[in-house]
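In this note's numbering, the protein residues as written are 20 to 453.
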Amino acid sequence: MIEKARVLFLAFSGIRVQNKRLLELGYQSVELRHRAYTIASLPSLGLLTLAGMTPESWESKYHEFSADTMGVIQEFQPDLIAFSTLTASVESACDFVKQLHGLNITCVIGGLAASTLPMATFKDFDSIIQGDGESSWSQVLDDCLSKSLKKVYKNTKPYNFNQSPIPKWELLGQEKRARYTVQTQRGCSKACSFCGASRLLGPLRFKKDELIAKELFELKKYTKAQVVELADDNTFALGTRDALFDALEASKIRYFTEAEWSIGENPEILSRLSKSGCVQVLVGVESSVQTYSGMGNKVGHLDRIFKAIDNIQKSGVSVIACFIVGVDGETKESIENLGDIIVNSGLSDVQITLQTPFPGTRLYKNLYKQGRLLKNRSWSYYTLFDVTFEPSNMSVKELENSYYDLMKRVYSNSQSEKRKLIRKQIWKIASKLK
Ligand code: SF4
Numbered sequence: 020m021i022e023k024a025r026v027l028f029l030a031f032s033g034i035r036v037q038n039k040r041l042l043e044l045g046y047q048s049v050e051l052r053h054r055a056y057t058i059a060s061l062p063s064l065g066l067l068t069l070a071g072m073t074p075e076s077w078e079s080k081y082h083e084f085s086a087d088t089m090g091v092i093q094e095f096q097p098d099l100i101a102f103s104t105l106t107a108s109v110e111s112a113c114d115f116v117k118q119l120h121g122l123n124i125t126c127v128i129g130g131l132a133a134s135t136l137p138m139a140t141f142k143d144f145d146s147i148i149q150g151d152g153e154s155s156w157s158q159v160l161d162d163c164l165s166k167s168l169k170k171v172y173k174n175t176k177p178y179n180f181n182q183s184p185i186p187k188w189e190l191l192g193q194e195k196r197a198r199y200t201v202q203t204q205r206g207c208s209k210a211c212s213f214c215g216a217s218r219l220l221g222p223l224r225f226k227k228d229e230l231i232a233k234e235l236f237e238l239k240k241y242t243k244a245q246v247v248e249l250a251d252d253n254t255f256a257l258g259t260r261d262a263l264f265d266a267l268e269a270s271k272i273r274y275f276t277e278a279e280w281s282i283g284e285n286p287e288i289l290s291r292l293s294k295s296g297c298v299q300v301l302v303g304v305e306s307s308v309q310t311y312s313g314m315g316n317k318v319g320h321l322d323r324i325f326k327a328i329d330n331i332q333k334s335g336v337s338v339i340a341c342f343i344v345g346v347d348g349e350t351k352e353s354i355e356n357l358g359d360i361i362v363n364s365g366l367s368d369v370q371i372t373l374q375t376p377f378p379g380t381r382l383y384k385n386l387y388k389q390g391r392l393l394k395n396r397s398w399s400y401y402t403l404f405d406v407t408f409e410p411s412n413m414s415v416k417e418l419e420n421s422y423y424d425l426m427k428r429v430y431s432n433s434q435s436e437k438r439k440l441i442r443k444q445i446w447k448i449a450s451k452l453k
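Shown next as C-alpha cells:
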C-alpha cells in the first residue's frame, strides 16, 4: 500500500489581550468570559474548507494551537502544515514555525493576515497563500509533492463561491463546541475605512442556496450542531434573501449572524429573521463621535439606529450592538457619554472595541502616513482591545484608562444581569412566534 502524504491544518485562534488590567477584567466578568469562550470555540472555517478540497490521497488532520501542538506534530508526522492566524496571533505562528526548522516539514500560511501583512513577516514559511485560499490550494498540494513550491500563491481572479467544497467537519472529532460556522457570502457592498471585508479578499459574492442547504445538512450530520455562526461579512448586504431563509428554516438550526442596523427598517427581513432560526445578530453602530468614510447609508443618527435595533429585538432576535472607541475627536467626556448611552439603553448585548487599524485598510494607511502608528506595539497588540495608534485628542494612557473605565462600567454584574433579562424577554417573543 502506498503511504499517504499527510497535511496538518493548524489554527491560531481565540481572543488575545495585552493590557493586563483589561485581561483581569475579562476574567472577572461572566459575560466577557462567556464571549471569549464562544469565540475561542469557533473552528477555523478556512482551514476546514481547504481540508474539504484536499484529495483522498492525502491524510488530513485539524488542530488548534495549544501547549500540546509539538506532541501532535510528532505523532502525526505531517509532510505539510497549513497555518491560519489572525493578525494578533501572527507572531505566535512565526515563533512556532521556527521550531519546526530541520524537521523536514513544509509550512505554508494563509488567511487575511497573510494577505495583508508585509511579506518579510513570513520569511520562515515556505509559502504564503494570499487572497482566496481555495483558488491556490490544489496547486500548493501538487507543488509540495513535486518539491516545487513557490514563495507566494495569489489568485488572479476571485474564487467562484459556487464551487466551494463542503468543509471537512469530520476532522473536528466528537468534542462538542459552543458554535460552528457556515459561510453564505463573502465581501461587502460598503467600504468602511476601518474594515477589510469589502476589499481585501475580493468582491461581494453569495453562495448558492442549494450549496448552503447541503453544508448545513453535512454540518449537522457530523457535529450534531445546534447553533451556527454565519461567518459572513454582511449577510443581507443587498437586502432580504428568501431562499437563504428557507434553507435555514428547513435545517431547524439556530444561528447568529452579522448585518447592518438597517435590517431593522426592512419589514421583509424582520418578518423572517427569527422564524428562520436567527437568535442573535451583530450590528455595527461604530463610533458615537464620528463616521468613517465608506459607510454609505450605514451612517445614521444614533436615535434612528437605536430605533432600528429596537425593531430587531421586538421581532424576537437579540442584537449585539458594536461600538468603536478611540476615533479622531474622541475625548474622556465622549467615552463617558457613550457609557451613559449604553447603560441607559435597552440593548440586549454590546461589544465595545478600540479602533484598530488593521493592515490593508484605509484607516491603517492614513494613520501610517500621519506617523501615528505606535512603533512599540507589534502585531500582537492588534487585538481590538489594545491601543495601537496615537489618538487625536488624548494620550495613549488616557485612552487606555477611559476605555478600561467604560468596559468596567458596561460589564458590571448588574449591567450584565440586566442584558441577560432583556435577552430572555426577546427569546420569549421568539418562542411565541413559532
Ligand atoms: S458594512 Fe460591515 S462588513 Fe461592510 S465594510 Fe462596513 S464594517 Fe465591513
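Quick reminder that beta carbons are idealized off the backbone N, C-alpha and C, glycines included.
beta-carbon residue i near the ligand SF4 non-hydrogen atom, thresh 8 angstroms
i: Gly313; result: yes
Contact belief for residue i with residue j at Cβ below 8 angstroms, rounded distance in angstroms
i: Ile354; j: Tyr422; result: 7 angstroms
i: Gln204; j: Thr259; result: 13 angstroms between Cβ atoms; not a contact.
i: Glu277; j: Val300; result: 7 angstroms
i: Val171; j: Ser146; result: 7 angstroms
i: Gly215; j: Thr135; result: 7 angstroms
i: Ile331; j: Ile282; result: 7 angstroms
i: Thr73; j: Leu160; result: 7 angstroms
i: Val247; j: Ile231; result: Between Ile231 and Val247 the Cβ distance is about 11 angstroms, and since that is not below 8 angstroms, they are no contact.
i: Ala101; j: Val26; result: 6 angstroms
i: Leu223; j: Ala250; result: Wrong, their Cβ atoms sit about 15 angstroms apart, outside the cutoff.
i: Lys333; j: Ile441; result: At roughly 11 angstroms, the Cβ-Cβ gap does not stay under 8 angstroms, so Lys333 and Ile441 are not in contact.
i: Ser397; j: Glu110; result: 6 angstroms
i: Leu418; j: Val429; result: At roughly 16 angstroms, the Cβ-Cβ gap does not stay under 8 angstroms, so Leu418 and Val429 are not in contact.
i: Ser270; j: Val336; result: Actually they are not in contact, since the Cβ atoms of Ser270 and Val336 sit about 17 angstroms apart, beyond 8 angstroms.
i: Ser212; j: Tyr311; result: 5 angstroms
i: Val36; j: Thr402; result: 6 angstroms
i: Ile185; j: Gly71; result: 5 angstroms
In DSSP terms, what residue i is bridged to
i: Asp347; result: BP columns for Asp347 are empty, so no partner.
i: Lys80; result: Leu27
i: Lys173; result: Gln149
i: Asp368; result: Ile339
i: Ala278; result: Val302
i: Cys126; result: Ile100
i: Thr200; result: Glu248
i: Arg224; result: Arg205
i: Cys297; result: Tyr274
i: Leu373; result: Val344
i: Phe408; result: Leu392
Contact with chain B by residue i, beta-carbon distance below 9 angstroms
i: Phe84; result: The structure shown contains no chain B; it is built from a single protein chain.
Below 6 angstroms from a heavy atom of the ligand PLP - residues by beta-carbon: Among the ligands in the structure shown, the ligand PLP does not appear; only the ligand SF4 can be found there.
Cβ contact (3+ pairs, closer than 8 angstroms) linking the segment 73 to 80 and the segment 40 to 53: no
Contact the segment 129 to 138 vs the segment 149 to 162: 3+ CB pairs below 8 angstroms: yes
Given 8 angstroms, three or more beta-carbon pairs between the segment 341 to 349 and the segment 372 to 390: yes
Stretch pair the segment 50 to 67 + the segment 88 to 95: three plus CB contacts closer than 8 angstroms: no
Three CB pairs or more closer than 8 angstroms across the segment 187 to 206 and the segment 63 to 76: yes
Three or more C-beta pairs below 8 angstroms linking the segment 411 to 418 and the segment 26 to 37: no
Three CB pairs or more closer than 8 angstroms across the segment 382 to 400 and the segment 349 to 365: no
Continuous alpha helix (DSSP H) assignments of at least 4 residues falling wholly in the segment 37 to 91: 39 to 47, 49 to 59, 64 to 71
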